[in-house]
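J.: Please find one structure pasted underneath; my questions will follow.
Protein chains in written order, with this note's numbering: chain A, 1 to 456; chain B, 1 to 505.
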């Protein structure tokens, strides 16, 4: 099972990607609030406009449409990039004025080729001779989506409690280390070994996340700083452990790698060995999604956590312990990231791991959580989309020679566009919100007044 | 300058905030715009100030139609505004604030502070008050800050001055002084638009009154009209301004006892200074005082939101100091925070969710850790009906309600618990007259059911309407505890720190 991203051994921190996400966050937070901002007036006096009208407006302004349009727009920009970087297009553009049709044809070929390869690599392979071959890409999408979604659920849960959890990477690594240290040598039958390994890993991740919660609750330390620093600590701790005999290093070698995951602890394939990437890890992630949905939207603990996320002052005045909610949120978030780490070593790469096992999932998770608008099911869909993009990008590279990085650019663009709903609305001529209209009018007039005064 | 607003109509989507409003302000008159919160006064003034573009109608100054694209246009045309929330830079000096936005410069672009200082002194002298041009605005009392706002508006040659709820933050004495200034401005020919919902002030200072209700002008009134007449015009129905209450049936023991309470900030400032008082079952004790004299900290100390509290607070013998907020609530204290948006409600949550904000772990609403949405919905519907909360339904976000209805959500939440005491801080701030009537009635009902009620309010009208006894706070201490029928002027002087004996004399 190839994992190209982990081969690159990204350093913890990965500034470029995390920067994009940090910049995107406030905007995303703004767009999730959907209060009706009409000037205060007794509600009963407002004659309701035609219902249909309202619904259409709501949908047009709703986050779902903005999200889909953001994806479309990102794909368009991605297409432009593909065309620009394609050698055939560049060559044809050299004699554009002589035969412009050549350039256009080359652009079409490049973009169509790329996106059909992306589709074939992630959903259904048209050229396959058997059904099994045809849907193999779909199973690999689900395989990629599983750990990403799990980690993203952790990030999303923390978001809802008002915490920016950048630490999924560290939490994943500690989960792997904890389970390898404590459970790899147990030699239990599968029915015990697999769940014990999984649970120990989840607990490891939860505790690593819990540290953040406790520090934030006790000392007010900002969770962004703490999680980033804990990422470094976890990364170098695991790097050291896999180099050190008696810790995690595979006995009898001097390679910096851990022992392979015991066979009894590996998730079996869900539909048999012909679909190796789709394992029981995926149903586990579905259960996790259901759990997070229940916890956040339906449980009384989730009610308190959301209250803290939306308005900590009111939560405090209503007798909710804000520090305790921070600790709980980070325990859950860390546990979910731990689950992602365990899927990495119990399903994706079972031949032993090193500090690169997180494969950048910890940071992609932030993007996925933002795309999923921090809702459990939204995060699941976003995770599936990103899993598909990842699965398809390899085929795209193999078939069309298009660098995998294009997909990373598209992923980043999606979130960038989502963070700027006014931009999306402007591009697609969607109705503006009242607040934006007013803001624009004020901006315009103050500018004008300033100019007038400057000339006077 | 004569100001005419003709047929001003401003819509927000399907909601008409101003519906063909006509107002004429003659030169040299004080024209009061009276209306409830949400009636459309502020929208109208934002149209006048160029912040909103009206859909219909025109603005005439001395008979010439003007079109304002923004506040800059309005200012150039001679309109000045004294905002409710001051538009001042706290770290700048008075002179710097006054010149901000139209700085005069000397050679090489350096600021001509001397001119600004002179201007401040000139205006202050004209109106007979003291303002140090070099004082930092953040250090000044609010009353003086407001004067800086006035000077700022006058420095741009404002011929029409709009005062938006100017007395909300002032002591009664400062209010009187402000009215003096308003009269003097009028006598010098400035037209004044005075926006308020306080009937007493309107009758005292206004030359003409226009009443606005639900975005429409409902009529003009003369300052000789009675409070009841004005209130009925504002609300559109007969309003009882005085709360009917029988003599309190006070028990001699039990209730809330506060002894030697001190609250000290983390930086060591004494916020509440060694105060003691009782609230007995069956009485309303009102804490009066100008905003920022320790009342907020007193309520926070009782509810357990403040650390650094010494002394004792007992409720029916149970010590509250040292308990968590949860513990204090469980001891039976109902808490209405002074700022509902900040501390009382989660705006993004539905009305139903806000109604159980402090009871999420209550067995009545959850089983096995899951919130019972059916029970919650029924409970919310019942409260919405009982407290006359005007919302589209239990699922409406609380942030989308009007101020009065938001406050009713908070009151409903607290009164639906099993209380041993009610602590209500500014229970009717920013609430319309109709809701004030309702909330006051509920507070008196709570008292009559034998529950001690502590009301903190900066509004003397509210204190007078509710209180059986009044505690006046000044600079963290208690100036005196006086009967509920203490005259307004005595209370006013006590709020400025004078002892009751001297005040009464």
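Backbone N, C-alpha and C fix where the C-beta goes; we use that ideal spot for every residue, glycine too. For clarity, every value in this text was computed on a predicted model and none was experimentally measured.
For residue 127(B), which option in 297(B), 148(B), 136(B), 4(B) has the closest C-alpha, if you only look at C-alpha atoms?
T.: Here the closest residue by C-alpha is 148(B).
J.: Name, going along the chain, the residues of the stretch 135-159 of chain A whose beta-carbon falls closer than 7 Å to a beta-carbon of chain B.
T.: Under the 7 Å Cβ criterion, the stretch 135-159 of chain A contributes no residue.
J.: In terms of residues, what are the limits of the alpha helix (DSSP H) holding residue 177(B)?
T.: Here the alpha helix (DSSP H) through residue 177(B) covers 172-187.
J.: Is DSSP giving residue 168(B) helix, strand or coil here?
T.: Coil, per DSSP.
J.: Any Cβ of chain A within less than 9 Å of the Cβ of residue 134(B)?
T.: It does not: the Cβ of residue 134(B) has no partner Cβ on chain A nearer than 9 Å.
J.: Assess, as a yes-or-no matter, whether the stretch 130-145 of chain A is touched by the stretch 313-331 of chain A under the definition of 3 or more beta carbon pairs within less than 8 Å.
T.: The stretch 313-331 of chain A, when compared against the stretch 130-145 of chain A, does not touch it at the 8 Å Cβ threshold.
J.: So, using beta-carbon positions, are residue 166(A) and residue 363(A) closer together than 9 Å?
T.: Yes, the pair counts as a contact, with Cβ atoms nearer than the cut-off.
J.: For residue 462(A), which option in 401(A), 183(A), 342(A), 157(A) has the closest C-alpha, if you only look at C-alpha atoms?
T.: Residue numbering for chain A in the displayed model covers 1 to 456; residue 462(A) lies beyond these limits and cannot be assessed.
J.: With distances taken between CB atoms, is the gap from residue 248(A) to residue 337(A) smaller than 9 Å?
T.: No.
J.: Taking the C-alpha atoms as reference points, what is the distance between residue 507(B) and residue 30(B)?
T.: Because residue 507(B) is not part of the residues shown, which for chain B are 1 to 505, the question remains open.
J.: So, for residue 23(B): in the same chain, excluding its five sequence neighbours on each side, which residues have a beta-carbon less than 6 Å away from its beta-carbon?
T.: Only 5, 210 meet the Cβ criterion.
J.: Whole angstroms is fine: what's the gap from residue 152(A)'s alpha carbon to residue 366(A)'s?
T.: Distance between the alpha carbons of residue 152(A) and residue 366(A): 6 Å.
J.: Say whether chain B places a C-beta atom closer than 9 Å to the C-beta of residue 39(A).
T.: Reliability fails at residue 39(A), whose pLDDT of 38 lies under 50, so the model's placement of it is uncertain and the value that follows must be treated cautiously. Chain B contact via Cβ: present.
J.: Which residues in chain A have a C-beta closer than 8 Å to the C-beta of residue 361(B)? List them in chain order.
T.: Chain A residues near residue 361(B): 300, 304.
J.: Distance check for residue 14(B) and residue 43(A), CA to CA, integer angstroms please.
T.: The pLDDT assigned to residue 43(A) is 36, lower than 50, so where the model puts this residue is not dependable, and the model offers no usable value.
J.: Using C-beta distances below 6 Å, list every residue in its chain close to residue 233(A), excluding the 5 sequence neighbours before and after it, in chain order.
T.: Answer for residue 233(A): no residue qualifies.
J.: For residue 81(B), which three-state DSSP category applies?
T.: Residue state, collapsed to three classes: strand.
J.: For the stretch 408-487 of chain B, which segments carrying the beta strand (DSSP E) assignment without a break, of at least 3 residues, lie completely within its bounds, in sequence order?
T.: Correct list: 421-425, 453-457, 469-474, 477-483.
J.: DSSP three-state label for residue 358(A), please.
T.: Reduced to three states, the DSSP call for residue 358(A) is helix.
J.: Would you say residue 169(A) touches the ligand GTP, meaning its beta carbon is less than 8 Å from a heavy atom?
T.: Of the ligands one can find in the structure shown there are none, so the ligand GTP has no counterpart to examine.
J.: Are there 16 or more other CB atoms within 10 angstroms of the CB of residue 196(B), so buried, or fewer, so exposed?
T.: Residue 196(B) is buried by the Cβ-count criterion.
J.: Listing by chain order, which chain B residues have their CB less than 8 Å from the CB of residue 263(A)?
T.: Neighbours of residue 263(A) on chain B: none; closest Cβ ~37 Å, over 8 Å.
J.: Using the beta-carbon of each residue, which ones in chain B are nearer than 8 Å to residue 375(A)?
T.: By Cβ distance, chain B contributes nothing, its closest Cβ being about 14 Å from residue 375(A), past 8 Å.
J.: With distances taken from CA atoms, which of 184(A), 361(A), 118(A) is nearest residue 251(A)?
T.: Answer by Cα proximity: 184(A).
J.: Can you tell me where the beta strand (DSSP E) holding residue 15(B) begins and where it ends?
T.: Residue 15(B) -> beta strand (DSSP E) spans 15-25.
J.: Residue 314(A) and residue 345(B) look like a contact to me (Cβ under 8 Å); what is the Cβ gap, rounded to whole Å?
T.: 6 Å between Cβ atoms; contact.
J.: Using DSSP bridges, identify the partner residues of residue 264(B).
T.: Paired residues: 270(B).
J.: Anything in chain B within Cβ reach of residue 218(A), meaning under 7 Å, just list it in chain order.
T.: Chain B residues near residue 218(A): none, gap ~14 Å exceeds 7 Å.
J.: Helix, strand or coil: how does DSSP classify residue 261(A) here?
T.: Looking at residue 261(A) - three-state DSSP - the assignment turns out to be coil, as it is neither helix nor strand.
J.: Using CA atoms only, rank isn't needed, just tell me which of 478(B), 153(B), 438(B) is closest to residue 494(B).
T.: Of the listed residues, the one whose Cα sits closest to residue 494(B) is 478(B).
J.: If you measure from the beta carbon of residue 337(B) to each beta carbon in chain A, is any gap under 9 Å?
T.: It does; some Cβ of chain A falls within 9 Å.
J.: With residue 331(A) and residue 206(A) assumed to form a contact (beta carbons below 8 Å), what rounded beta-carbon distance in angstroms separates them?
T.: Yes, they are in contact, since the Cβ atoms of residue 331(A) and residue 206(A) sit about 5 Å apart, within 8 Å.
J.: For the stretch 317-335 of chain B, which residues have a CB atom closer than 9 Å to at least one CB atom of chain A, in sequence order?
T.: Result list: 324, 325, 326, 327, 328, 329, 330, 335.
J.: My guess is that residue 424(A) and residue 66(A) are in contact by the Cβ rule of under 8 Å, so how many angstroms apart are they, rounded?
T.: Right, their Cβ atoms sit about 5 Å apart.
J.: Measuring only between beta-carbons, confirm whether residue 378(B) sits less than 9 Å from chain A.
T.: Closer than 9 Å: no.
J.: Any C-beta of chain B sitting closer than 9 Å to the C-beta of residue 51(A)?
T.: At residue 51(A), the pLDDT of 49 sits below 50, so the modelled position is not reliable; the number obtained from the coordinates is stated separately. No - not a single Cβ of chain B is within 9 Å of the one on residue 51(A).
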